[in-house]
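Numbering (the working numbering), first residue to last: 659 to 1125.
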């Protein structure tokens, strides 16, 4: 490849990615971005792109590698390859080695096992480093994912494919095919490792990659781009349906818990389907068969659907309600004084509490705008407030509101599923809720011009993995 050809490839590819990042608002100036790097062509292209374009993006770049230990010495060699690259280019590097962490590799480890291991580490690392995680998912991955979901059975939500952003994750390469990432590495003269399992047809995704995708491209050479456009359209539709479904659930929510069936039955079909999917999702994967069964219960105004051994949605007296076996439902945690540190609470909720001087808050203001972080003026908060769950008489003033309202009414308004409410973490002074999981600090506690110290509460829940 001539130097002119290489420069043309580098310039056109980087401009394409930068435009995509800007369109999807993937990164914020001042943000720390950790590239998830396996050492393959896609992830090495991602790490190189971030390093070359970090000034234009305004980000700080780090890297991480997960050694699952599945391929023995080959896995170790991949880790050494990525670590050596990072040392050579002075990139902060984090290695997660499953064996060193005492993780026992299954006799026949699945792709899903390896994915869960990676994503647990990514969540922990992002929280610790106050960063977002960039993954190298491409249009090719998007195409394979869509085909895989269609084969297993999916709906509008699944057809939306891999999202450009999801929580802490950023996917800047969803505008590129795998061939384009290889060409980018070649133009840079950048080596990468080859995972021999990618050539095996033992995995269903590989069979799609080797057989189904080429067949699509035989019919249309731009098939991957066409799939990408379809996913974009399905994502927009899914987001619209979700907002409509939330509105429906708010209007159908009953003060005593559950939902008025007649209100649900009057909704348009796709909106009702989306609403039922939202009700199922906290308990299990919202598979189409469960959505169809719950839809039948709503339309017939009788019956029940068991989602898990201890979770049942039931129609009774014109109300759709969730019944859970008491012995299988986690008990709310005991009230405790709020202190800096980590909290892991019933229901999978977690909190990270710390204080930050105002100078650091201003310096990293882009980070604190993320939806997984909440900030309050520490001087306005009683130092003996409690971390607890809801109690009768609790009141909350949501951000952007000018008055307090009963917490019970607010939870109905934002359509928090009834089974979630007794476990939802909050911090409170008496009956005044200062911070609520999923909603952040009360309006009157927001940091202002005279703030000296910021109380930061990061929060989340056991993550769903994707891609």
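Note that the Cβ used here is the ideal one computed from N, Cα and C, for glycine as well.
Taking the alpha-carbon of residue i as reference, which of the options has the nearest alpha-carbon?
i, options, result
"residue 1102", "1070, 1096, 1054 and 1082", "1054"
"residue 1068", "1077, 1081 and 1052", "1052"
"residue 798", "887, 1080, 812 and 1081", "887"
"residue 1083", "853, 826, 936 and 1117", "1117"
"residue 1047", "1011, 1087 and 990", "990"
"residue 794", "838, 847, 881 and 945", "838"
"residue 945", "1050, 791, 853 and 808", "808"
"residue 673", "661, 744, 708 and 1066", "708"
"residue 760", "775, 1038 and 881", "775"
"residue 1089", "865, 1064, 1072 and 1107", "1064"
"residue 958", "974, 1119 and 1081", "974"
"residue 728", "754, 710, 763 and 1066", "763"
"residue 896", "966, 1099, 828 and 815", "815"
State buried or exposed for residue i, treating a residue as buried only when at least 16 other CB atoms are found within 10 Å of its CB.
i, result
"residue 953", "buried"
"residue 1075", "buried"
"residue 781", "buried"
"residue 1013", "exposed"
"residue 984", "Because residue 984 carries a pLDDT of 44, less than 50, the predicted location of this residue cannot be relied on, and the following value inherits that uncertainty. Answer is exposed; the Cβ neighbour count stays below 16."
"residue 867", "buried"
"residue 1061", "exposed"
"residue 802", "buried"
"residue 1030", "Note that residue 1030 has pLDDT 37, beneath the 50 cutoff, so the model's placement of it is unreliable and the number below is only indicative. Exposed: under 16 other Cβ atoms inside 10 Å."
"residue 1021", "With a pLDDT of 48 at residue 1021, under the threshold of 50, the modelled position of that residue is not reliable, and the figure given next carries that caveat. Counting Cβ neighbours within 10 Å, residue 1021 comes out exposed, since fewer than 16 surround it."
"residue 876", "exposed"
"residue 927", "exposed"
"residue 1130", "Outside the shown range of the chain, which is 659 to 1125, sits residue 1130, and nothing can be said about it."
"residue 919", "buried"
"residue 660", "exposed"
"residue 1042", "exposed"
Excluding five sequence neighbours on each side, which residues of the same chain lie with their C-beta closer than 7 Å to the C-beta of residue i?
i, result
"residue 734", "725"
"residue 843", "699, 702, 703 and 850"
"residue 870", "805"
"residue 667", "841, 842 and 845"
"residue 739", "697 and 851"
Go ahead and pull the three-state DSSP assignment for residue i.
i, result
"residue 806", "helix"
"residue 868", "helix"
"residue 1070", "helix"
"residue 720", "strand"
"residue 832", "coil"
"residue 985", "Note on residue 985: pLDDT 41, under 50, position unreliable in the model; no value is reported."
"residue 1115", "strand"
"residue 1008", "strand"
"residue 1054", "strand"
"residue 670", "helix"
"residue 979", "strand"
"residue 966", "strand"
"residue 934", "helix"
"residue 924", "coil"
"residue 685", "coil"
"residue 1060", "coil"
"residue 749", "coil"
Going along the chain, which residues of its own chain have a beta-carbon closer than 6 Å to the beta-carbon of residue i, five neighbours each way excluded?
i, result
"residue 925", "906"
"residue 817", "892"
"residue 1016", "1109 and 1110"
"residue 718", "690"
"residue 826", "784, 790 and 791"
"residue 1105", "1033, 1035 and 1112"
Within the same chain, show all residues whose beta-carbon is closer than 8 Å to that of residue i, passing over the 5 residues directly before and after it, in chain order.
i, result
"residue 720", "690, 691, 692, 693, 749, 750, 751, 752, 787 and 789"
"residue 949", "813, 931, 934, 935 and 938"
"residue 889", "800, 804, 817, 818, 819 and 820"
"residue 970", "962, 963, 964, 980, 981 and 982"
"residue 994", "1044, 1045 and 1046"
"residue 940", "1075, 1077 and 1078"
"residue 713", "none"
Can at least three beta-carbon pairs, one atom from the segment 1055 to 1062 and one from the segment 988 to 1008, be found at a separation below 8 Å? With the cut-off at 8 Å, the segment 1055 to 1062 and the segment 988 to 1008 do not touch.
Just checking, does the segment 827 to 845 make contact with the segment 671 to 686 on the three C-beta pairs under 8 Å criterion? At 8 Å Cβ cutoff, the stretches touch.
Using 8 Å as the cut-off, can you tell me whether the segment 972 to 982 makes contact with the segment 911 to 922, which would need three or more C-beta pairs spanning the two stretches below that distance? Judged by pairs of C-beta atoms under 8 Å, the segment 972 to 982 touches the segment 911 to 922, as three or more such pairs exist.
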